[in-house]
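Data first, discussion second: the structure below is written as structure tokens.
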Amino acid sequence: MSQSPRLHKNLVAAVIEALETAFGKGYYADKVIERILKRNPKWGARDRGFIAESTYEMVRWWRLLWELNGKEPSLKRKDLYRLFGIWWQWQGNDLPDWPAFDTVRGLNVDERFKELEADLNIRESWPDWLAEVASEELGDAWPAIAKASNIPAEVFLRTNSLRIDRNSLLKQLEEEACPARPLEANEVGIILEKRKNTFRLPSFQSGFFEVQDGGSQMIAPYLEVEPGMRVIDACAGAGGKALHLAALMENKGQIIAMDVEAWKLKELQKRARRNGVHNIETRPIENAKSIKRLQDSADRLLLDVPCSGTGVVKRNPDTKWKLKPEHLDRVRKIQGDILEDYSKMLKSGGKMVYATCSILRSENEAQVERFLERHPEFSLIRQERVNPSEWSDGFYMALLEKA
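10 is the number of the first residue of the sequence shown in the working numbering; add one for each residue after it.
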């Protein structure tokens, strides 16, 4: 029989603190973990990995763990230690002889799980309201998506073809003790064999790659850009897709990257310099005039709109618990408004991509259908959805053309 991994009190305490902060103050787990690790720079890679992975997994299985516990969720420290003990035993490990685990040691977690597993929402750890919405919109596809969304995401890189080709990058990553393999879905994607802090690698500092999910890497090519075009990325954020567009355009033409949050565009400017990209111009969206000035001017328009994030739950498991019905209603309205207002920037004969990282039909196909009903000058060329699977997060994209 294999021996259980050894637990260290300071590391378990860090996980408990992360859960307290993530659920008590509403911060996302990645930011909470980042702060805790920054505060403790002497922890080694294994310790840091334990804290991050344990926190993510307990957030991911939050509802199931409390159901196994048989109590309502609580952020009291003694209850969180009990919950950690349940999770640790559910992983097949033995608990150390610590007083904090006295109330849970020896609990038959597997037997309790068998009593609960018939309920999909409990077994796959989803809140009832969100599972009901997803089931209604996705039908028979929902159980498989609910399950796949709990598989931790792999780390994907996108080769920056302006600086290096994929084979050369794979060799360099090998030399940097960061083994990886090519993503079969495209010619620039790479999957890491194991998790690593890629931002410290010389290859990253040289601008040879960006971290970008495999499904997300499908969106920029979907826009069918060509060198020399004027392209507007109207919800650019920190610019992952704008940088991909620049590479596809061979640094020729003009990309106008826009966002309502100017600080994100400043981050894009830094990334562009590292990537050797010089055809991106950033413009904050300050009011309706920011859009009106660009009316009928774009050959291509990317609308990667704000969404529920339900497609990237394997990467951000907090979304299951932080998302609320009123937020979903609000984000659907924002999506409709963006489609209505921003589409005016596309010139006649131009093409537009509407994209989300949501699994919900109401944010995807239904939004496009409503837009087309109101705007007969637009036609749908094609649409595609990537449901969460073992190789990617979930994304939706639709390519439209303006007559």
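By construction, the Cβ of each residue, glycine as well, lies at the ideal position given by its N, Cα and C atoms.
Please read these numbers as outputs of a predicted model, since none were measured by experiment.
Item, Value
"Cβ distance (whole Å) where R175 is taken to contact I199 below 8 Å", "7 Å"
"Buried/exposed call for Q98, threshold 16 Cβ in 10 Å", "buried"
"Outcome for K329 when other beta-carbon atoms lying within 10 angstroms are tallied against a minimum of 16", "buried"
"Y405, buried or exposed, once every other Cβ within 10 Å from all chains shown has been counted against 16", "buried"
"Alpha helix (DSSP H) segment containing R48, residue limits", "38 to 48"
"Residues bridged to G79 (per DSSP)", "Paired residues: none, contrary to the question."
"Three or more C-beta pairs below 8 Å linking the region 292 to 302 and the region 263 to 271", "yes"
"Buried or exposed (CB count within 10 angstroms, at least 16 for buried), F93", "buried"
"Cβ-Cβ separation, A251 to M354 (assumed contact under 8 Å), whole Å", "Actually they are not in contact, since the Cβ atoms of M354 and A251 sit about 15 Å apart, beyond 8 Å."
"Reduced DSSP secondary structure (H/G/I, E/B, other) of A266", "strand"
"Beta-carbon proximity check, R339 vs Q376, cutoff 9 Å", "no"
"Cα-Cα separation, R394 to L77", "34 Å"
"The region 360 to 367 contacting the region 222 to 235, beta-carbon criterion three pairs below 8 Å", "yes"
"Cβ-based burial, K87 [other Cβ within 10 Å; buried from 16]", "exposed"
"Neighbour-count burial assignment, L125, 16 or more Cβ in a 10 Å radius", "exposed"
"Residue from L46, R309, N373, D327 with nearest C-alpha to Q344", "N373"
"Among R69, D111, E146, F32, nearest to R370 - alpha-carbon criterion", "E146"
"N-terminal and C-terminal residue of the beta strand (DSSP E) that F404 is part of", "404 to 411"
"Cα-Cα separation between I390 and E349, rounded to whole angstroms", "18 Å"
"For A307, the three-state DSSP class (helix, strand or coil)", "strand"
"Under 9 Å between C-beta atoms of A247 and E202", "no"
"Beta-carbon proximity check, T319 vs G223, cutoff 9 Å", "no"
"Residue closest to N284, alpha-carbon to alpha-carbon, out of V142, P105, N169", "N169"
"CB contact below 9 Å: V68 versus chain C", "Of the chains in the structure shown, none is chain C; there is only one protein chain."
"Reduced DSSP category for S357 - H, G, I as helix; E, B as strand; rest coil", "strand"
"CB of A61 within 9 Å of CB of I42, strictly", "yes"
"Integer-rounded CB distance, given that F218 should sit under 8 Å from L178", "6 Å"
"Counted within 10 angstroms of its Cβ, other Cβ atoms place N117 as buried (16 or more) or exposed", "exposed"
"According to DSSP, residues forming a beta bridge with P191", "I199"
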